[in-house]
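*Asks:*
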Amino acid sequence: MRIGGVCVFVNKHLAMNIDSYDSLTTRIVRLRLKRCGSMPALTVFVAYAPTPDFNDEEVYTFYVDMEKLYREDHTFYKMIVDDFNAKIGPRRSRKNFTSEPPV
Numbered sequence: 000m001r002i003g004g005v006c007v008f009v010n011k012h013l014a015m016n017i018d019s020y021d022s023l024t025t026r027i028v029r030l031r032l033k034r035c036g037s038m039p040a041l042t043v044f045v046a047y048a049p050t051p052d053f054n055d056e057e058v059y060t061f062y063v064d065m066e067k068l069y070r071e072d073h074t075f076y077k078m079i080v081d082d083f084n085a086k087i088g089p090r091r092s093r094k095n096f097t098s099e100p101p102v
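Just so you know, the sequence shown maps onto residues 0 to 102 in numbering that gives the first Met the number 0.
#1: Indicate the three-state DSSP secondary structure (helix, strand or coil) for T24 in the structure shown.
#2: With which residues is A46 paired in a DSSP beta bridge?
#3: With DSSP run on the structure shown, which of helix, strand or coil describes D72?
#4: Tell me where the alpha helix (DSSP H) around A14 begins and ends.
#5: Just mark D82 as buried or exposed, buried being the case when its beta carbon has 16 or more other beta carbons within 10 Å.
#6: Pick from G36, L23, F53: whose alpha carbon is nearest that of C6?
Okay, structure coming up:
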């Protein structure tokens, strides 16, 4: 049984141009759109990154998978749509992200 995953909502006018939809991992899907008139074929990767609650190994695995799948796809035009909320770099305190001017 598989828990979790990513889905893609598309406009009904775009739906007829879908070539394929593949769930590559529980966090990465690939949507391939057919060539349509002057618009070339397009591959869209939709990703949901692990949150800071996940351990470093799971975060690393996600990015390794994303890079591998991106490189394996030979469509000329590719786009990544993401929710990259994973931890990147050293942890910083919240005070570094305030929008208030310094006193």
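By construction, the Cβ of each residue, glycine as well, lies at the ideal position given by its N, Cα and C atoms.
*Replies:* To lay it out plainly:
#1: When DSSP states are grouped into helix, strand and coil, T24 belongs to the coil group.
#2: Listed as beta-bridge partners of A46 by DSSP are I27, D81.
#3: Reduced to three states, the DSSP call for D72 is coil.
#4: Per DSSP, A14 belongs to the alpha helix (DSSP H) from 11–14.
#5: By the C-beta density criterion, D82 is exposed, having fewer than 16 other C-beta atoms within 10 angstroms.
#6: Answer by Cα proximity: L23.
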